[in-house]
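Q: Take the sequence shown: its letters are residues 558 to 713, numbered as in our numbering. Just so you know, even glycine gets a beta-carbon here, dropped at the ideal spot from N, CA and C.
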Amino acid sequence: MAMSLGTGGGARRRGRGRGRRPMSEINVTPFVDVMLVLLIIFMVTAPLLTAGVPIDLPDSRANALPQDQEQVSISIDSDGFVYIDDDQIPEGELPQVLQSISPDGGEGPDITLRADRELDYGRVMAVMGELNRAGLNRISLVTNGGQTSPPVNGGS
């Protein structure tokens, strides 16, 4: 008894015209669709990940600063509570926490200060004074950029 293993033979030749040819191209449309959906998801969620403390920032027309080095975000909410990144600092413990952030002889990290627009100017200046006493002098004030700010009245 002879057995055919499909390495030739008449049956394969007869069916060659009717069979399907191997696919020589790849359809990338579903891949592109999935990538566009992921891109939209990341574009929507990325701004939400930058700051966890809800603050109503003041408006400004200042340009954004480059973010090259290590940064520490300090936020002051409308009730006057201070947050470092997303952790609330208990009342009176800000100087000790800032001492742990500031290095012993080098430049400290860049500080981004976010303060609610309804806050008293003195509260923001008190936090900036504590930053200065801790040796953290590279402070950036965060605002809503690219918007029209209220007119500034010049004084003499």
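1. When we look at the beta-carbon of Ala691 and count the other beta-carbons within 10 Å, is it buried (16 or more) or exposed?
2. Sorted by chain position, which residues of the same chain lie with C-beta nearer than 8 angstroms to Leu651's C-beta, five sequence neighbours on each side aside?
3. In the structure shown, what three-state DSSP assignment does Val629 receive?
4. Return the CA-CA distance between Val585 and Glu627, expressed in angstroms with no decimal places.
5. Do Ser657 and Gly665 count as a contact pair if the criterion is CB distance below 8 angstroms?
6. Locate the beta strand (DSSP E) running through Ala691, then write down its first and last residues.
7. Cβ of Asp616 within 8 angstroms of Cβ of Asp673?
8. Buried or exposed, going by whether 16 or more other CB atoms sit within 10 Å of the CB of Ser713?
9. Determine, using beta carbons only, whether Leu671 and Val699 come nearer to each other than 8 angstroms.
10. Measure the alpha-carbon distance for Arg648 versus Val594 and round it to whole angstroms.
11. Where does Val585 sit, in a helix, a strand or coil, going by DSSP?
12. Using only the alpha-carbon positions, how far apart do Ile646 and Val589 sit?
13. Which residue from Val629, Asp642, Ile598, Glu675 puts its Cα closest to that of Asp636?
14. Nearest CA to the CA of Asp634: which residue from Asp677, Val654, Asp667, Leu693?
15. Can you give me the C-alpha to C-alpha distance between Val654 and Ile583, rounded to a whole angstrom?
16. Where does Leu693 land, buried or exposed, given buried means 16+ other C-beta within 10 angstroms?
A: Let me spell this out:
1. In the sequence shown, counting from the first residue as 1, residue 691 sits at position 134. Taking all protein chains shown into account, Ala691 has 16 or more neighbouring C-beta atoms within 10 Å of its C-beta and is therefore buried.
2. As a working mapping, residue 651 is identified with position 94 in the sequence shown. Result list for Leu651: Val639, Val684, Glu687, in chain order.
3. As a working note, residue 629 is residue 72 in the sequence shown. The three-state reading of DSSP puts Val629 in strand, counting E and B together.
4. The residue labelled residue 585 in the question sits at position 28 within the sequence shown. The residue labelled residue 627 in the question sits at position 70 within the sequence shown. Distance between the alpha carbons of Val585 and Glu627: 40 angstroms.
5. Sequence index remark: in the sequence shown, residue 665 carries index 108 (1-based). Sequence index remark: in the sequence shown, residue 657 carries index 100 (1-based). It is not a contact, given that the beta carbons lie outside the stated cut-off.
6. Within the sequence shown, numbered from 1, the residue matching residue 691 stands at position 134. Where Ala691 is concerned, there is no enclosing beta strand (DSSP E), given that its DSSP letter is neither H nor E.
7. On the sequence shown, residue 616 is found 59 positions in, with the first residue counted as 1. On the sequence shown, residue 673 is found 116 positions in, with the first residue counted as 1. A distance of 8 angstroms or more separates the beta carbons of Asp616 and Asp673.
8. For the purposes of this step, residue 713 is taken as residue 156 along the sequence shown, with counting starting at 1. Low confidence applies to Ser713: its pLDDT is 47, below 50, so where it sits in the model is not reliable enough to give any reading.
9. Position 114 of the sequence shown holds residue 671. Position 142 of the sequence shown holds residue 699. In the sequence as displayed, the identity of residue 671 is Arg instead of Leu. At the C-beta level, Arg671 and Val699 come within 8 angstroms of one another.
10. Residue 648 sits at position 91 when you count from the first residue of the sequence shown. Residue 594 sits at position 37 when you count from the first residue of the sequence shown. In the sequence as displayed, the identity of residue 648 is Glu instead of Arg. Approximately 44 angstroms between the Cα atoms of the pair.
11. Stepping through the sequence shown from its first residue, residue 585 is reached at position 28. DSSP, reduced to helix, strand and coil, places Val585 outside both helices and strands of the structure shown, so it counts as coil.
12. Here the question's residue 646 lines up with position 89 in the sequence shown. Here the question's residue 589 lines up with position 32 in the sequence shown. CA-to-CA, the gap between Ile646 and Val589 works out to about 46 angstroms.
13. Walking along the sequence shown from the start, residue 636 turns up at place 79. It is Glu675 whose Cα lies nearest to the Cα of Asp636.
14. Locating residue 634 in the sequence shown gives position 77, where the first residue counts as 1. The shortest Cα separation from Asp634 among Asp677, Val654, Asp667, Leu693 belongs to Asp677.
15. The residue you call residue 654 lines up with position 97 of the sequence shown. The residue you call residue 583 lines up with position 26 of the sequence shown. Distance between the alpha carbons of Val654 and Ile583 is about 57 angstroms.
16. Sequence index remark: in the sequence shown, residue 693 carries index 136 (1-based). When all chains shown are included, Leu693 counts as buried.
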